[in-house]
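> Chains as they are written, first to last, in the working numbering: chain A, 60 to 535; chain B, 108 to 278; chain C, 83 to 204.
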Amino acid sequence: MIPSLQDLFNILPPVIIGAGILIALTLEMFVKPAKKIIPHFAFLVFLFTAYYSLMTMDKETYSLNTLMSGGGLTNILYFIFTFGSAIVVLISYDFIRKKDIVSSEYYILLMSAVLGMMIMASAKDFLMVFLGLEQMSVCFYILAGINRRNLLSNEASLKYFLLGAFATGFIVYGIAFIYGASGSLSYLVITNAIVTGQNITFLTIGLLLFIIGFSFKIAAFPFHMWVPDVYQGAPTTVSAFMSTTGKTAAFAVLIALLLPLFTVGNYQIFGPVLSLLAALSMIYGSIVAIAQKDIKRMLAYSSIAHAGYMLIGIAAGIPAGSAGVIYYLLAYTFMNIGAFGIVAYLEGVEETNLHIEDYAGLANQKPVLAALLSLFMFALAGIPPLAGFFGKYYVFVAAIKAGLVWLALVGIVSSAISVYFYLRLVVYMYFRENSKTITVFDSSYSMLGIIIAALLVIIVGVFPNTVVELITHFIS
Amino acid sequence: MTLEIILFILFALIGAASGVLMITRKNPVMSALFLILNFAALAGVYLLLNAQFIAVVQIIVYAGAIMVLFLFVIMLLRPDAEISILRTNPLLKYVAIGVGVLVFAQLIYLIFFFKPLNITPSDVAERIQIGTVENIGTEIYTKYIIPVQVAGFLLLSATIGALVLAKKKFE
Amino acid sequence: MIEQYIPLFLVLATAVLIAVGIVASSTLIGPQRPNDEKKSTYESGVKPFGSAKERISIKYYVVAMLFIIFDLEVIFVYPWAVQFKSLYSVFGIPVFTTMLVFLVIFEIGYLYAYKKGGFNWE
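1. Are A/Y110 and A/P72 closer than 8 Å when you measure CB to CB?
2. Would B/V168 and C/L154 be called neighbours here (beta carbons separated by less than 8 Å)?
3. Output the distance between the C-alpha atoms of B/G207 and B/L272, rounded to the nearest integer angstrom.
4. Distance, Cα to Cα, C/P161 vs A/F522?
5. Using a Cβ cut-off of 9 Å, pull out every chain A residue sitting near B/F277, in sequence order please.
6. Between the segment 60-89 of chain A and chain B, which residues of the former have a C-beta closer than 9 Å to a C-beta of the latter?
7. Leaving out five residues before and five after A/C198 in sequence, what residues of the same chain have Cβ atoms less than 8 Å from its Cβ?
8. Below 8 Å on the Cβ atoms is my guess for A/F310 versus A/M394; work out the distance and round it to an integer in Å.
9. Write down the C-beta distance between A/K94 and A/S162 rounded to the nearest angstrom, noting that I regard them as a contact closer than 8 Å.
10. CB C/I138 to CB B/M182, shorter than 8 Å?
11. My output table needs one value for A/H283: the three-state DSSP class, helix, strand or coil.
12. Would you check if the segment 186-202 of chain A and the segment 319-331 of chain A touch, i.e. whether three or more CB-CB distances between them fall below 8 Å?
13. Would C/G191 count as contacting chain B if we go by Cβ distances under 8 Å?
14. Go through its chain and collect everything with a Cβ distance to A/G508's Cβ below 7 Å, but skip five positions before and after it.
15. Decide if the segment 113-123 of chain B is in contact with the segment 406-422 of chain A; the criterion is three or more beta carbon pairs, one per stretch, under 8 Å apart.
16. Answer yes or no: do A/I70 and A/T392 have a C-beta to C-beta separation smaller than 8 Å?
17. In its own chain, which residues sit with a C-beta less than 7 Å from the C-beta of A/L67, not counting the 5 before and 5 after it?
18. According to DSSP, is A/S245 helix, strand or coil?
19. According to DSSP, A/D353 sits in a beta bridge with which residue or residues?
20. Does A/D184 come out as helix, strand or coil in the three-state DSSP assignment?
21. Would you please verify whether the beta carbon of A/Q351 is less than 8 Å from any beta carbon of chain B?
22. Strictly under 8 Å for the Cβ-Cβ distance: is C/Y194 near chain D by that measure?
23. Just to make sure I have the definition right: I need the residues of chain A whose C-beta is within less than 8 Å of the C-beta of C/K197. Which are they?
24. Since B/A258 meets chain A, which of its residues come closer than 7 Å, beta carbon to beta carbon?
25. Throw me the rounded Cβ distance for the A/M38 and A/L421 pair, which I believe falls under 8 Å.
26. What span of residues does the beta strand (DSSP E) with A/G129 cover, start to end?
27. Work out the CA separation of A/F480 and A/S433 for me, nearest whole Å.
28. Mind checking which residues open and close the alpha helix (DSSP H) that includes B/Q213?
29. Counting only C-beta atoms, is C/P130 closer than 8 Å to chain A at any point?
30. I'd like the ranges of any alpha helix (DSSP H) spanning at least 4 consecutive residues and lying wholly in the segment 318-383 of chain A.
31. Quick one: which unbroken beta strand (DSSP E) runs of 3-plus residues sit fully inside the segment 69-122 of chain A? Chain order, please.
32. Using 8 Å as the cut-off, can you tell me whether the segment 258-276 of chain B makes contact with the segment 180-199 of chain C, which would need three or more C-beta pairs spanning the two stretches below that distance?
33. Using a C-beta cutoff of 8 Å, does C/I187 count as contacting chain B?
34. Just the Cα atoms here: how many angstroms apart are B/Y201 and B/T131?
35. Can you give the Cα-Cα distance for A/A338 and A/V478, rounded to whole angstroms?
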């Protein structure tokens with residue numbers, strides 16, 4: 060019954076990250092130039108894990124007494140986490156030095172958060188979900204406040220912690236109900252309990268509380284109130300990290316839990332709830348983002364809207380919808396990290412150059428960055444042939460297939476609204492004159508990361524079918 | 108009435124009384140002290156319900172460590188400034204009462220009307236043994252080894268976080 | 083069933099008796115002649131000023147935080163120690179190595195706190 064080495068080998072990616080954390084901490088303690096080594100070390104660990112996850116994708120194995128799974132869909136999610144984080148390391152390298160943030164701990168906490176996400180994505184048991192979620196969230200709380208001298212950063216950390224703990228309360232309460240009603244924490248047993256209909260009322264209450272708790276984590280309306288303040292106050296690279304990989308991990312849990320309930324259990328009660336959350340998030344995020352003049356706040360509201368689009372895919376309750384969500388998450392991770400990466404690139408030592416007016420005339424001053432930012436804005440707005448378009452396309456098609464035409468229509472309307480504020484930034488960069496030129500600290504590392512993100516946005520957008528077929532193959 | 112039932116009622120009464128005293132004290136430090144009493148009484152209840160490990164954890168972690176943190180946090184904040192929150196926002200009181208009533212009703216329902224699973228008397232005898240330290244040790248060090256290691260990493264991250272965020276001079 | 087807790091109960095009862103006894107005996111036996119001078123707050127001979135409810139430094143908090151973390155880790159060792167013999171006879175060495183891994187994670191955290199001066203009183 061004790062896990063064997065083979066079991067550990069089946070879940071090697073999280074084990075590698077775990078070992079990486081311990082090695083990095085030891086380096087930090089005993090090696091003098093650790094500040095220079097650890098960013099490179101973290102980058103290599105992420106890159107290797109991403110590569111390994113891709114290479115071992117085709118073996119689907121349950122291991123560790125059905126606590127966790129490895130291979131298949133889990134590995135695609137591992138790839139999103141680790142490759143996304145590798146790009147975050149690139150865009151952070153000069154940003155951290157510019158802001159004079161404690162360096163080694165920043166990268167160690169990035170790795171720790173990724174470990175939590177991996178546990179969440181591979182969990183087949185509420186115990187693992189909870190541990191992974193806490194591991195990830197604790198690192199996020201710390202990372203949000205890691206810029207110790209900045210009051211906004213401290214405030215973001217505290218706010219995030221309080222609301223995150225509140226959400227965790229909902230989740231634990233839900234898990235307690237589920238355990239009481241089914242006598243188990245395993246997804247398999249719970250799906251069976253749904254099929255047999257035993258204690259269905261309490262299972263439903265428990266699952267509903269669980270979904271509410273996760274709505275906080277994915278930043279869906281009406282559980283979004285922490286998002287703008289936290290994304291604005293946290294260091295920009297941390298916002299990039301939280302809004303993409305963190306969202307992916309939370310969605311991974313929802314998909315792994317809810318898809319079997321929809322398909323195997325034929326349990327449709329959460330469909331309307333999720334549809335409502337999706338519609339409200341899309342409309343609210345898109346409309347409020349129009350009023351934002353601060354780029355980071357605008358991206359925060361856009362993140363709420365994107366959570367809405369992704370929820371459509373889950374609300375549809377069919378494998379195609381979930382496959383669409385994972386494709387969307389892949390696309391969103393790279394386009395949002397790219398967009399935040401450019402914001403971090405342009406940001407001054409103090410919190411300057413974050414207003415939309417500061418971006419006026421950027422095309423003359425920094426033509427490459429302006430072009431790349433326009434690319435990311437087009438992708439976020441969902442303009443073909445970039446990755447963002449196909450993400451929306453797949454979830455909308457899934458919604459129509461599942462008979463949720465109204466939801467797809469709401470999605471299309473809010474996409475149309477959102478085009479306004481994404482393209483407004485492009486208009487500012489290309490067609491507005493700026494009286495003052497902004498001071499920018501050049502960074503080749505950041506540039507490399509941004510270019511990789513841009514290439515991925517294009518590649519994932521040009522070959523959507525290959526990616527979606529791969530995901531669909533593993534999901535069913 | 109057996110000794111168990113008498114003790115159970117005693118501990119439950121101490122727990123309930125200290126809970127009421129805790130939320131009615133003006134001085135937050137007094138509230139915290141009554142919370143310790145509440146935790147201790149709960150530990151006794153756990154012990155009588157054959158949850159020995161939980162009882163030990165309750166004493167060591169909750170009544171010991173968590174309460175130390177509670178007291179430090181009370182000292183860290185300015186206790187006098189916090190008293191007025193309920194006065195300036197009376198709605199908060201009613202929300203709190205509402206949530207309390209809801210949880211109470213739910214517990215009443217679960218205890219008296221809800222049949223959790225089809226438990227036979229032989230199950231009960233087996234279940235009584237679940238809470239012992241031996242059983243929990245066997246479970247978590249055979250089936251749940253990986254969760255234990257993840258908990259280790261969680262505490263490691265918390266160590267880093269405590270130092271990074273709260274250390275006065277961090278190098 | 084409950085008889086096995088008699089020693090525990092005796093320890094608790096002794097603790098309570100001694101605590102109550104000392105306080106009670108000092109109030110009952112000791113002479114009490116209070117006056118205004120005696121009852122006033124004493125602060126190094128100076129007249130007391132300000133409030134006693136000052137905000138205390140964050141460094142106490144760091145100590146409390148580290149205490150909780152290490153306290154929680156000890157909780158994990160306790161059931162392992164209780165069950166080590168019987169588990170070892172079934173599974174052998176892996177029972178030892180799992181705890182070793184956990185303790186390595188724990189020790190690295192402890193060493194880190196030590197190296198960063200988490201236990202220094204600044």
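No residue lacks a Cβ here, since even glycine has one placed at the ideal position from N, Cα and C. Being a predicted model, the structure only gives us computed values, none of them experimental.
A quick look at the data gives this:
1. No.
2. Contact flag set, yes.
3. B/G207 and B/L272: Cα-Cα distance of roughly 34 Å.
4. The straight-line gap from Cα to Cα measures roughly 53 Å.
5. At a C-beta separation below 9 Å, B/F277 has these neighbours in chain A: V161, E164, R207.
6. Going along the segment 60-89 of chain A in chain order, one finds M60, I61, P62, D66, L67, I70, P73, G77, I80, L81, L84 with a Cβ nearer than 9 Å to chain B.
7. Excluding residues within five positions, the ones whose Cβ falls inside 8 Å are L168, L169, S171, A172, G175.
8. No, A/F310 and A/M394 are not in contact; Cβ-Cβ is about 16 Å, not under 8 Å.
9. About 5 Å separates the two Cβ atoms, so the contact holds.
10. Taking 8 Å as the cut-off, the beta carbon of C/I138 is found closer than this to the beta carbon of B/M182.
11. For A/H283, the secondary structure class from DSSP, reduced to helix, strand or coil, is coil.
12. Not touching, per the Cβ criterion.
13. At a cut-off of 8 Å between beta carbons, C/G191 contacts chain B.
14. Within the same chain, A/G508 has close Cβ partners I146, L149, I150, G400.
15. Contact fails: fewer than three Cβ-Cβ distances are below 8 Å.
16. Not a contact, by the Cβ cut-off of 8 Å.
17. If we look at A/L67 and ignore the five residues flanking it on each side, its Cβ neighbours are V74.
18. Residue state, collapsed to three classes: strand.
19. Partner(s): A/H414.
20. Correct three-state label for A/D184: strand.
21. The Cβ of A/Q351 sits no closer than 8 Å to any Cβ of chain B.
22. Within the model displayed, chain D is absent; protein chains A, B and C are what it includes.
23. Going along chain A in sequence order, the residues near C/K197 (Cβ under 8 Å) are M88.
24. Residues of chain A passing the Cβ test: L190.
25. Here chain A covers residues 60 to 535 and nothing more, so residue 38 of chain A does not appear.
26. Unbroken beta strand (DSSP E) run through A/G129: 127-129.
27. Annotation: A/S433 to A/F480 spans about 12 Å, alpha carbon to alpha carbon.
28. B/Q213: member of the alpha helix (DSSP H) spanning 197-219, first to last residue.
29. C/P130 does not count as touching chain A.
30. For the segment 318-383 of chain A, the full-length alpha helix (DSSP H) segments reaching 4 residues or more read 329-349, 354-375 along the chain.
31. With a minimum length of 3 residues, the continuous beta strand (DSSP E) runs that stay inside the segment 69-122 of chain A are 120-122.
32. With a cut-off of 8 Å on Cβ pairs, the segment 258-276 of chain B is in contact with the segment 180-199 of chain C, counting three or more such pairs.
33. Yes, C/I187 lies at the interface with chain B (some Cβ there is under 8 Å from its Cβ).
34. Straight-line Cα distance between these residues: approximately 15 Å.
35. Rounded to the nearest angstrom, the two C-alpha atoms are 17 Å apart.
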